[in-house]
Amino acid sequence: MASNSTKEIKRHQRSIGNTQKITRAMEMVSAVKMRKSQSVALAARPYSQTALAILQRLAHLYEQDYETQDILRDNLFFRKKESGAVLLILIAPERGLVGGLNSTLFAYVKKRAEHLQQNNTPIFGISVGAKARPIFSKLNIEVQHEFSNNKDWVSPEDIRPITEMITERYKTEDIQSVIAFYTEFFSTLKQSPSQRTLLPIQIQSIEDIIESIAPTEGKWSQEETNTDATTDPDYIFEPDIKTMVDEIVPFLLEITTYHIFLEAQASEHSARMVAMRNASQNASRILDELTLSYNKARQRAITQEISEVSSGAEALSF
Numbered sequence: 010m011a012s013n014s015t016k017e018i019k020r021h022q023r024s025i026g027n028t029q030k031i032t033r034a035m036e037m038v039s040a041v042k043m044r045k046s047q048s049v050a051l052a053a054r055p056y057s058q059t060a061l062a063i064l065q066r067l068a069h070l071y072e073q074d075y076e077t078q079d080i081l082r083d084n085l086f087f088r089k090k091e092s093g094a095v096l097l098i099l100i101a102p103e104r105g106l107v108g109g110l111n112s113t114l115f116a117y118v119k120k121r122a123e124h125l126q127q128n129n130t131p132i133f134g135i136s137v138g139a140k141a142r143p144i145f146s147k148l149n150i151e152v153q154h155e156f157s158n159n160k161d162w163v164s165p166e167d168i169r170p171i172t173e174m175i176t177e178r179y180k181t182e183d184i185q186s187v188i189a190f191y192t193e194f195f196s197t198l199k200q201s202p203s204q205r206t207l208l209p210i211q212i213q214s215i216e217d218i219i220e221s222i223a224p225t226e227g228k229w230s231q232e233e234t235n236t237d238a239t240t241d242p243d244y245i246f247e248p249d250i251k252t253m254v255d256e257i258v259p260f261l262l263e264i265t266t267y268h269i270f271l272e273a274q275a276s277e278h279s280a281r282m283v284a285m286r287n288a289s290q291n292a293s294r295i296l297d298e299l300t301l302s303y304n305k306a307r308q309r310a311i312t313q314e315i316s317e318v319s320s321g322a323e324a325l326s327f
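The sequence shown maps to residues 10 to 327 in this note's numbering.
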């Protein structure tokens with residue numbers, strides 16, 4: 010009986026030990042990807058910040074300068090639509106094992122999608138990553154486009170088909186806004202779901218994105234970010250502001266989307282590394298408990314064997 014018990018414990022120990030080797034390997038791989046994705050996101054932040062500051066300046070001109078308002082009012086990307094469908098872009102991991110990241114993102118999207126559905130607003134989805142479609146399916150949102158998110162580090166060229174599709178649909182269809190849902194990166198231990206309105210262009214949305222480039226928490230919080238476009242010098246647009254806006258706004262939209270993708274990927278790799286670290290620590294704890302159980306079972310077996318030998322020797326002495 011005791012022999013069977015110790016054999017079962019040893020079998021369980023081997024199983025947990027093998028699982029721990031896998032989780033440790035995945036933790037190390039995720040750590041490398043996390044550091045790389047964080048450095049890529051950090052390196053892109055000054056570029057994104059400068060590009061978005063130009064977009065922010067244009068948005069301020071639209072609200073403050075009457076002459077510029079007349080010029081920008083004709084630009085579709087600045088124009089606010091009173092009706093139409095809402096296009097939701099959901100950037101989710103391609104794989105699992107990221108702790109509670111996917112469930113937290115689902116709860117966040119659900120709350121905001123239900124608000125739109127209560128207002129009878131048509132909603133269409135664009136899923137990025139294998140885990141995005143199931144979220145839309147649970148919310149009964151039709152997925153019209155689907156993109157993979159299987160690269161460890163994206164480039165502007167990778168997300169260009171998405172931004173081109175967004176701008177084309179916004180120009181040709183009855184769509185009042187384009188909203189991106191993703192997980193924003195703060196630190197290795199903290200990632201939070203977030204949303205950004207990509208179209209139409211809004212000052213507050215731009216300011217939020219610029220502020221998120223240098224977060225208030227974590228390792229990168231020491232970086233200074235100036236979001237006050239009103240202090241910038243007046244720009245001189247050549248050949249004219251209308252031509253410049255038509256050319257630069259789609260490009261700046263691509264930069265905005267690229268920054269969001271970098272944040273989402275840094276969050277995914279960080280969450281996976283932490284999840285695998287926790288799994289490895291839990292495996293160590295279980296192994297310690299199994300070792301203690303094995304020693305107790307073995308001690309009982311030895312005690313029983315000694316008792317049996319003593320009883321046998323005593324019986325033979327009569």
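For glycine and all other residues, C-beta sits at the position ideal for the given N, C-alpha and C.
All values reported here derive from a predicted model rather than from experimental measurement.
Q.
Using the three-state DSSP reduction, which class does Gln-211 fall into: helix, strand or coil?
A. On the sequence shown, residue 211 is found 202 positions in, with the first residue counted as 1. Here Gln-211 sits in coil by DSSP.
Q | Three-way DSSP call (helix, strand, coil) for Pro-248 in this model | A | Along the sequence shown, one-based indexing puts residue 248 at 239. Secondary structure at Pro-248: coil, using DSSP grouped into helix, strand and coil.
Q: Grab me the residues of Glu-17's own chain with a C-beta within less than 7 Å of its C-beta, minus the 5 sequence neighbours each way, in chain order.
A: As a position in the sequence shown, residue 17 is number 8, starting the count at 1. Correct list: empty, nothing qualifies.
**Q.** DSSP three-state assignment for Val-283, whether helix, strand or coil
**A.** Numbered from its first residue, the sequence shown carries residue 283 at position 274. In this structure, Val-283 counts as helix in the three-state DSSP scheme.
Q. Candidates Gln-185, Ile-98 and Leu-148: which alpha carbon is nearest Arg-88's?
A. Numbered from its first residue, the sequence shown carries residue 88 at position 79. Minimum Cα distance to Arg-88 is reached at Gln-185.
Q) Which residues in the same chain have their Cβ closer than 6 Å to the Cβ of Asn-128, if we skip the five residues on either side of it in sequence? A) Counted from its first residue, the sequence shown places residue 128 at position 119. Result list for Asn-128: empty, nothing under 6 Å.
Q. If you follow the alpha helix (DSSP H) that Thr-172 is part of, which residue opens it and which one closes it?
A. Here residue 172 refers to the residue found at position 163 of the sequence shown. Boundaries of the alpha helix (DSSP H) harbouring Thr-172: 165–181, taken from the DSSP string.
Q. How about Ala-34 and Leu-99: do their beta carbons lie closer than 9 Å?
A. Taking the first residue of the sequence shown as position 1, residue 34 is located at position 25. Taking the first residue of the sequence shown as position 1, residue 99 is located at position 90. Not in contact: Ala-34 and Leu-99 (Cβ atoms no closer than 9 Å).
Q: Identify which residue in Glu-256, Glu-166, Glu-173 and Asn-111 has its Cα closest to the Cα of Gln-200.
A: Position 191 of the sequence shown, counting from 1, holds the residue named residue 200. Nearest of Glu-256, Glu-166, Glu-173 and Asn-111 to Gln-200, Cα basis: Asn-111.
Q. Using 8 Å as the Cβ pair cut-off and three pairs as the minimum, do the region 43–59 and the region 267–281 touch?
A. yes
Q. According to DSSP, what are the bridge partners of Ser-203?
A. In the sequence shown, the residue the question calls residue 203 occupies position 194. Answer by DSSP bridge pairing, in chain order: Tyr-191.
Q) Is DSSP giving Ser-14 helix, strand or coil here? A) Along the sequence shown, read from residue 1 onward, the residue named residue 14 stands at position 5. Ser-14 falls in the helix class under three-state DSSP.
Q.
Three Cβ pairs or more, each shorter than 8 Å: is that satisfied between the region 50–59 and the region 139–150?
A. no
Q: Drop a sphere of 10 angstroms on the beta-carbon of Thr-239, count the other beta-carbons inside from all chains shown, and report buried for 16 or more, exposed for fewer.
A: Sequence index remark: in the sequence shown, residue 239 carries index 230 (1-based). Only weak support exists for where Thr-239 lies, its pLDDT of 46 falling under 50; the value from the coordinates is given anyway. Answer is exposed; the Cβ neighbour count stays below 16.
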